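First up is the structure itself, then whatever we jot down about it.
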Amino acid sequence: MSTETAGPAGTPSRPDRRLRTVLLVWAAFLAAADLAVKTAAEALLSGGTVIDLGVVNFRLLYNPGVAFSLGAALPDWVIIAATGLIIAAMTWYVLTSAPTTTWLSRAGAGMLLGGAAGNFIDRLDGRGVVDYLHTGWFPTFNLADVFVTTGVAVFILGTLLRARTPAEG
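Sequential numbering of the sequence shown, starting at 55, is according to this note's numbering.
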């Protein structure tokens, strides 16, 4: 945690700005990785190609809804506006709380934001989110979904571990 809480006129201190910048760069890197993998999946799997690896296979699907295709019947602009507002609120919370959270929580928050941003950007073309990982027993998903799910778990773990440590003084 930073010993400086604010610079002149209430602006964040240099260490706080650095934390926030690293968090945003981490999220942007993960979003870019997700979008690159989706581009490759579309190129390799278009035309109905399926790559079967046993437990998991690769097949191209487009999800117009949100998690588990919920809201698929809603107009695109509703899904885009709602997810955009949620991502903006999450980003605000993550950036304002970053100086007081653990490195583990920040890593998880970056994964969450990166995955959410990857799926949000992917959705903007109106086709829906590119999904390509298929198990047969779970809805088809993508790398961004893995980032979001893992990010939430890591964020919570970091928060719980912090709560177990003695108060800093």
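Here a beta-carbon is modelled for each residue, glycine too, at the ideal position from N, C-alpha and C. Note that this is a predicted model, so its numbers are computed, not measured.
Give a yes or no on whether the C-beta atoms belonging to residue i and residue j are separated by under 7 Å.
{"i": "G164", "j": "L77", "result": "yes"}
{"i": "H188", "j": "N111", "result": "yes"}
{"i": "F8", "j": "G162", "result": "Examination of residue 8 is not possible in this model, given that the chain is present from 55 through 223 alone."}
{"i": "D88", "j": "G172", "result": "yes"}
{"i": "F174", "j": "I141", "result": "yes"}
{"i": "G125", "j": "I134", "result": "no"}
{"i": "L167", "j": "A86", "result": "no"}
{"i": "D70", "j": "P153", "result": "yes"}
Consider the C-beta atom of residue i and the heavy atoms of the ligand ADP; say whether any pair is separated by less than 6 Å.
{"i": "Y116", "result": "Ligands displayed in this structure: none; no statement on the ligand ADP is therefore possible."}
Would DSSP call residue i helix, strand or coil?
{"i": "S56", "result": "Residue confidence is low: S56 scores 43 on pLDDT, short of 50, so the model does not pin down where it sits. Its coordinate-derived value is still stated next. Reduced to three states, the DSSP call for S56 is coil."}
{"i": "L107", "result": "coil"}
{"i": "L115", "result": "strand"}
{"i": "G125", "result": "coil"}
{"i": "A217", "result": "helix"}
{"i": "G223", "result": "Only weak support exists for where G223 lies, its pLDDT of 42 falling under 50; the value from the coordinates is given anyway. Residue state, collapsed to three classes: coil."}
{"i": "S67", "result": "coil"}
{"i": "T155", "result": "coil"}
{"i": "T204", "result": "helix"}
With distances taken from CA atoms, which of the options is nearest residue i?
{"i": "L149", "options": "T93, G190 and L73", "result": "L73"}
{"i": "R216", "options": "L197, T203, S159 and V184", "result": "S159"}
{"i": "F83", "options": "R218, L124 and L197", "result": "L197"}
{"i": "R113", "options": "W191, P193, Y186 and F195", "result": "Y186"}
{"i": "L107", "options": "T203, G190, R218 and T213", "result": "G190"}
{"i": "V79", "options": "T145, S123, T103 and G212", "result": "T145"}
{"i": "W131", "options": "R68, L211, R177 and V104", "result": "R177"}
{"i": "A95", "options": "V184, L139 and L166", "result": "V184"}
- Message: Give the list of continuous beta strand (DSSP E) stretches no shorter than 3 residues that lie fully inside the segment 157-195.
- Response: 183-188
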